[in-house]
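Trainee: The letter at position 249 of the sequence shown is residue 248 when you use numbering that gives the first Met the number 0, and the numbering goes up by one with no holes.
Just so it is clear, CB atoms sit at the ideal spot from N, CA and C, and this is done for glycine as well.
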Amino acid sequence: MNKFLEDPRFAGIEPFEKRIWLSSPTMHGDEQRWVDTAIQTNWVSTVGENINEVEQQIAARLGVRYAVGLSCGTAALHLATKLAGEKLYGRARAHEGTLQGHRVFCSDMTFDASVNPVAYEDGTAVFIDTEPDTWNMDPVALEKAFELFPEGKLIVAAHLYGTPGKMDRIRRIAHEHSALIVEDAAEALGAQYRLNGRWTEAGALGDYNCISFNGNKIITGSTGGMFLTDSEEDAKKVRKWSTQSREPAPWYQHEELGYNYRMSNIIAGVIRGQLPYLEEHVAQKRAIYQRYREGFKDLPVRMNPFDEEKSRPIFWLSCLLIDEDAMAPQVRTDTACSYESVPGKSSPSEILAAMDAFNAEGRPIWKPMHLQPIYRDHPFVTRRGLSRGEDAGDVGADIFRRGLCLPSDNKMTPEQQDRIIDIIHRCFR
Ligand SMILES: Cc1ncc(COP(=O)(O)O)c(C=O)c1O
Numbered sequence: 000m001n002k003f004l005e006d007p008r009f010a011g012i013e014p015f016e017k018r019i020w021l022s023s024p025t026m027h028g029d030e031q032r033w034v035d036t037a038i039q040t041n042w043v044s045t046v047g048e049n050i051n052e053v054e055q056q057i058a059a060r061l062g063v064r065y066a067v068g069l070s071c072g073t074a075a076l077h078l079a080t081k082l083a084g085e086k087l088y089g090r091a092r093a094h095e096g097t098l099q100g101h102r103v104f105c106s107d108m109t110f111d112a113s114v115n116p117v118a119y120e121d122g123t124a125v126f127i128d129t130e131p132d133t134w135n136m137d138p139v140a141l142e143k144a145f146e147l148f149p150e151g152k153l154i155v156a157a158h159l160y161g162t163p164g165k166m167d168r169i170r171r172i173a174h175e176h177s178a179l180i181v182e183d184a185a186e187a188l189g190a191q192y193r194l195n196g197r198w199t200e201a202g203a204l205g206d207y208n209c210i211s212f213n214g215n216k217i218i219t220g221s222t223g224g225m226f227l228t229d230s231e232e233d234a235k236k237v238r239k240w241s242t243q244s245r246e247p248a249p250w251y252q253h254e255e256l257g258y259n260y261r262m263s264n265i266i267a268g269v270i271r272g273q274l275p276y277l278e279e280h281v282a283q284k285r286a287i288y289q290r291y292r293e294g295f296k297d298l299p300v301r302m303n304p305f306d307e308e309k310s311r312p313i314f315w316l317s318c319l320l321i322d323e324d325a326m327a328p329q330v331r332t333d334t335a336c337s338y339e340s341v342p343g344k345s346s347p348s349e350i351l352a353a354m355d356a357f358n359a360e361g362r363p364i365w366k367p368m369h370l371q372p373i374y375r376d377h378p379f380v381t382r383r384g385l386s387r388g389e390d391a392g393d394v395g396a397d398i399f400r401r402g403l404c405l406p407s408d409n410k411m412t413p414e415q416q417d418r419i420i421d422i423i424h425r426c427f428r
């Protein structure tokens, strides 16, 4: 039984006939043409015109000199992290990661794919708390981390939900400590940040930069990712590593560890078909964000924040945060949640359950990495220093507790979105 359908607060609301997705792929037809061309010409492997074309178009669009097409964003992040490790600490032996024995300062509230490559390379992620202004890495906590671990030389910074972090300050701190930045722009393709007075694209803000074409991203190849750089040497290295690290020799000769991470020309065909629609998708996501913002004006909530002067987010996902005094009780264990309904209040768990009952998909905020069982013994640094728990000023845990991601699919109609806004209003009755 769907208890929300019986609940008088929701009287008169019909479930959506077709599910409203968080963020699903949007095909336009051109994708088929480039995939067909690849098949008809028999260029279906990891070489071909689609790959060349998307690499060239993305590099031009983002203002970087080189883009290397890879199988997914995680592969891009792995090779970017490995490259940074090799640059900082030298080449590792085949059975050892380049970051062995080294700490890496990482965004805490993000998808685990941002930070897992540090572990792939045998490093120790030190999680840096989140700031409340953009929900990204807190530069104040980052500075604190450099005080605690002055030997730190690498930062992995993600832009959450399509909103750029405080990259001017993060870059300045990196510069002061001669540290390198791996930029995870997987969720932020198309976003811009004002750096030294110039609008700069997300994906061009670090030393080693990554984007994703995962099925739920702003444009997709079904999967796929890219490594972005201005360095020809780095681009060549990543291309070589991604194709099993073959040396120029008459046989399979290997001096370095290799990976099978290259993008396929079929996937690149889908991306090629999507690229002309990037701006359209961004405009749709921005309109969705504005409509939610307008629709929630009278509720005790606010939308995911951004810096209006310094950034142009894409709002890949629209999110909301419930005011503390409007939070109804909810309990989350490692794998389950429960909540109470209280008049005038609500909780992310209740709103997500209500939306699901009416056939719309939301999602909790990324659970911070320092709260993940796999990383529980790793250092976590807030503005106050090394700590754990909400009483220690843990911003990420607080956003996870009070926030949620709203259905942000760019095929959702304004009427459908209004119904979602209505459902959320009724949760607070
Ligand atoms: C912040 C972030 N980093 C990395 C990734 C990994 O990208 P992919 O799924 O293409 O491997 C994703 C999304 O999937 C992401 O949201």
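(1) State yes or no: is the C-beta of Ala75 within less than 8 Å of the C-beta of Ser106?
(2) Beta carbon of Gly223, beta carbon of Phe212: below 8 Å?
(3) Does ligand 1 have even one heavy atom less than 7 Å from the beta-carbon of Ser113?
(4) According to DSSP, which residues form a beta bridge with Ser244?
(5) Alpha carbon to alpha carbon, what distance is there between Thr133 and Asn303?
(6) Between the Cα of Lys396 and those of Ile50, Val67, Lys17 and Thr129, spot the shortest distance and give me the residue it belongs to.
(7) By a C-beta neighbour count over all protein chains shown, 10 Å radius and 16 as the cutoff for buried, is Thr73 buried or exposed?
(8) With respect to 7 Å, is the separation between the Cβ of Cys71 and the closest non-hydrogen atom of ligand 1 below this value?
(9) Below 8 Å between beta carbons: does that hold for Val34 and Val269?
(10) Please check the pair Val125 and Phe110, which I expect to be a contact at CB under 8 Å, by giving their CB distance rounded to whole angstroms.
(11) Would the beta-carbon of Ile420 fall within 8 Å of that of Gly294?
(12) Below 8 Å, can you find three or more Cβ-Cβ pairs linking the region 23-39 to the region 266-283?
(13) Could you give the distance in angstroms between the alpha-carbon of Gln243 and the alpha-carbon of Asn259?
(14) Need the endpoints of the beta strand (DSSP E) that Met225 sits in, please.
(15) How close, in whole Å, do the beta carbons of Arg444 and Val63 come, if the pair is a contact with beta carbons under 8 Å?
(16) Looking at Trp20 and Asp408, is the spacing between their C-beta atoms short of 8 Å?
(17) With burial defined as no fewer than 16 other Cβ atoms inside 10 Å of the residue's Cβ, what is the status of Tyr192: buried or exposed?
(18) Indicate, with yes or no, if ligand 1 has a heavy atom lying under 7 Å from the CB of Phe110.
(19) Is the region 165-179 close to the region 134-154, with three or more CB pairs under 8 Å?
(20) Taking 7 Å as the cut-off, does the CB of Leu76 come closer than this to any heavy atom belonging to ligand 3?
Mentor: Looking at the coordinates:
(1) no
(2) yes
(3) yes
(4) Looking at the DSSP assignment, Ser244 forms no beta bridge with any residue, so it has no partner.
(5) 7 Å
(6) Reading off the sequence, residue 396 comes out as Ala, not Lys. If we check each option's Cα against that of Ala396, Thr129 comes out closest.
(7) buried
(8) yes
(9) yes
(10) Actually they do not touch by this definition, with Cβ atoms about 18 Å apart.
(11) yes
(12) yes
(13) 6 Å
(14) Gly224 to Thr228
(15) No information on residue 444 is available, as it lies outside the stretch 0 to 428 that the chain covers here.
(16) yes
(17) buried
(18) yes
(19) yes
(20) This structure lacks ligand 3; the ligands present are ligand 1.
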